[in-house]
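Numbering (the working numbering), first residue to last: 57 to 187.
Glycine residues also receive a C-beta, built at the ideal position from the N, C-alpha and C atoms.
Computed from a predicted structure; not experimentally measured.
Let me begin by presenting the structure, written as structure tokens, before commenting on it.
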């Protein structure tokens, strides 16, 4: 089994756990409250690791700061609130997850267009199985 498949399977398991936790929290808190605490805890944990391990953050090259800021904007202003509200307003997080899984097809199409990825039969079969 390729290493990327192993990592992807681990991610899939923990994404499912994250979805269950998100469903639970979305019934108790507004998204902004959740965001405030999660980012604060993450900030403390990441900088504690950096300080304790002595890790030296790499210098950001050129326009990558804009790419990083754009990604942060997309994640925290669009993706996460949409997922949070989807879980909040449905009875079963699996329903929302099924619709969110459409991102696999969208990512495939965008990678073919922008990254010039090859269309491989394995990828098509994998997407069909996912859906």
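Sub-8 Å separation of residue i and residue j beta-carbons
i	j	result
residue 170	residue 78	no
residue 140	residue 93	no
residue 147	residue 75	no
residue 183	residue 155	no
residue 54	residue 87	No statement about residue 54 is possible, as the shown extent of the chain runs from 57 to 187 and does not include it.
Straight-line Cα distance separating residue j from residue i
i	j	result
residue 64	residue 118	30 Å
residue 163	residue 114	28 Å
residue 61	residue 104	30 Å
residue 135	residue 82	15 Å
residue 108	residue 96	18 Å
residue 129	residue 72	24 Å
residue 151	residue 116	39 Å
Residue span of the alpha helix (DSSP H) that contains residue i, given as start and end
i	result
residue 163	159–170
residue 66	59–82
residue 113	Residue 113 -> no alpha helix (DSSP H), and no H or E assigned at all.
Beta-carbon contacts of residue i that lie in its chain and below 6 Å, excluding the five residues immediately before and after
i	result
residue 66	none
Sequence-distant residues of the same chain with beta carbon closer than 8 Å to residue i, five excluded per side
i	result
residue 175	168
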